[in-house]
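Report on the structure given below.
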Amino acid sequence: MIMVATPVRTPAEQALAARYPAERTSLPGTADVIAIRDAAFGGVDRTGLPHRRVEDWKYTDLRARLKTFPPAAGAADVARILIAAPAVEGDKARRLVIANGRYRPELSDLKDLEPGLSVFSLATALEAGDAVVLAALKLDDGIAANTAVALNTAFMTDGLVITVAEGAEVARPVELVHIAEGEPAASTAVRHLVTVGKGARLTLIETIESLDTVAHQSNVLTMIEVGEGAKVDHIRLQLEPDEAVSLTTLVARIDREANFDTFNAALGAGLARAQIFAEFAGRDAEAGFRGITMLSGRRHADTTLSLVHGAENCQSRELYKAVIDGEARSVFAGRIAVPAHAQKTDARMMTASLLLSEEAEADAKPELEIFADDVQCGHGATCGAIDDDLLFYLLSRGISKVEAESMLILAFLGEAIDEIQNQAVHDALIHRVEGWLKARAA
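My numbering puts the first residue of the sequence shown at 16, with every later residue one more than the last.
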């Protein structure tokens, strides 16, 4: 007799297997969209959730950490959202609200859209079978098979399709406000498609937050096409409560002579993974990838970056900093690939972690994969505690230990934060960091 081993499904995998068949025909989209969803879910259903033996998830065992997969979020309470304080004060941004996974135009600022800027609902485009949107859903196989991406494809309920026309300069930042509201815990999957035309300019801010301290699960995927000679600044603030699970993905394609900068602040969620898949698709382009992580308690945050220098004479800078307290764990996995034709590549990647307790943990896995011979590439990783000499210097001048440590932590993170060009976001982030430091000192 031949014995066939049947994998034991976790409660989260069982919930996934039950949810998708029940929801597939009620999710927005034509038959073509359903086929794309089926393929995405089928891959996850066959392999199960990734575990530590899957290299890309080695330090974030999703199978062990994801205890359940709650039902889709219901309608949000508009009254609560209207009185909620914005995550970024005074930024004069055009706020577009996605509440419980659904775009809410009545809560959004759509007045006097700048010439060349268009905004519409992804759900509407899926229902209409928009050919451009359908094409954008078909990602490269390596990205499409990623578990967070596949789950987003299968369960996405809405999002925004944002287009900036060639040569248009969008003066006001566009802020995508993701809000989870209500109890009990629920899950959301949102996808945004952003296309910035040749020579255009855009600042895009994303905030992800919850009005309730419950175990919401959010899955946000943002795709950005940066056209030839265009400039895009992208900032994401992840602000969910410790009970939450947050999966975010950024897919960026950068054309020739374009400039792209992205910053990710991981300040919330008990389990968070922020992943970036980026590619230089044209020569003479520049990009910056930066971020900070602040952890306490037993939180776990993973930043995973995959960058392909797919064209000649492109420059990239990667800088990620983490501050870890309590029994928390930070993960950084960064990979830069330089194919043989991408001569004159200039890529520098650095990650640094500051451990504030004996139980805190930081894992770093920087990688370079280089097949070109005329390049300047490097990577580095550091991990340590607060410098005793610097601390003694401040203490000797009458500064308390708590205040001295806070000053040094803020200075450590400042190298990354100071790269943010938007002053309102910069100040809001500093305020959040100072709040975290005050809570630590209490």
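Even glycine gets a Cβ: it sits at the ideal position worked out from N, Cα and C.
All values derive from a computational prediction rather than experimental measurement.
Using the Cα positions of residue i and residue j, report the straight-line distance between them to the nearest angstrom.
i, j, result
"V323", "A300", "12 Å"
"I220", "H249", "6 Å"
"F407", "K336", "23 Å"
"G429", "I51", "43 Å"
"M364", "V205", "30 Å"
"P85", "T25", "13 Å"
"G212", "L409", "50 Å"
"E434", "A367", "16 Å"
"D106", "V185", "14 Å"
"P101", "L125", "17 Å"
"T218", "K380", "30 Å"
"E28", "D276", "36 Å"
"A357", "A387", "6 Å"
"R216", "A267", "15 Å"
"L286", "R455", "20 Å"
"G57", "E198", "30 Å"
"D53", "A457", "50 Å"
"E240", "A90", "31 Å"
"S41", "T83", "22 Å"
"F170", "T263", "14 Å"
"L81", "I194", "21 Å"
"E384", "A352", "5 Å"
"L254", "L208", "22 Å"
"V390", "A355", "10 Å"
"L77", "A316", "12 Å"
Beta carbon of residue i, beta carbon of residue j: below 8 Å?
i, j, result
"A230", "A259", "yes"
"L191", "A99", "no"
"L310", "D340", "yes"
"A326", "A302", "no"
"T222", "L265", "no"
"V164", "L236", "yes"
"E382", "R412", "no"
"I401", "E420", "yes"
Once the 5 residues before and after residue i are set aside, which same chain residues still bring their CB inside 8 Å of it?
i, result
"D60", "L31, A32 and Y35"
"L405", "L423"
"G214", "E181, G182, G242, E243, G244 and A245"
"A160", "G58"
Tell me, to the nearest whole angstrom, how far the beta carbon of residue i is from that of residue j; I am working on the premise that it is less than 8 Å.
i, j, result
"E342", "R313", "5 Å"
"N437", "P188", "6 Å"
"T175", "V147", "The sequence shown places Leu at residue 175, rather than the Thr named in the question. Actually they do not touch by this definition, with Cβ atoms about 14 Å apart."
"T458", "P65", "Residue 458 lies beyond the residue range present for the chain, which begins at 16 and ends at 457; the question has no answer from this structure."
"A201", "A37", "That belief does not hold up - the Cβ atoms of A201 and A37 are roughly 15 Å apart, past 8 Å."
"C63", "P22", "It is Gly, not Cys, that sits at residue 63 in the sequence shown. Sure, about 6 Å apart at Cβ, within 8 Å."
"C392", "A362", "5 Å"
"V103", "L122", "The Cβ separation is near 16 Å, so there is no contact."
"N279", "T203", "With a Cβ gap of about 19 Å, N279 and T203 do not count as contacting."
DSSP has residue i in a bridge; who is on the other side?
i, result
"G399", "L369"
"T222", "V192 and L252"
"Q232", "S202 and V260"
"F292", "V266 and S321"
"S345", "A316 and A377"
"Y118", "I113"
"M238", "L208 and V266"
"H394", "M364"
"Y335", "G306 and T366"
For residue i, I'd like the list of residues in its chain whose CB is within less than 6 Å of its CB, leaving aside the five on either flank, ordered along the chain.
i, result
"A138", "P43 and D173"
"V48", "L141"
"R119", "V112"
"A293", "A267 and L322"
"A431", "R305, I307, L334 and K336"
Go through its chain and collect everything with a Cβ distance to residue i's Cβ below 7 Å, but skip five positions before and after it.
i, result
"A377", "A337, I339, S345, S368, L370 and C398"
"N328", "R298, D299 and K359"
"R95", "E196 and L226"
"G144", "T45 and D47"
For residue i and chain C, any beta-carbon pair shorter than 8 Å?
i, result
"A27", "Of the protein chains in the structure, only one exists, and it is not chain C."
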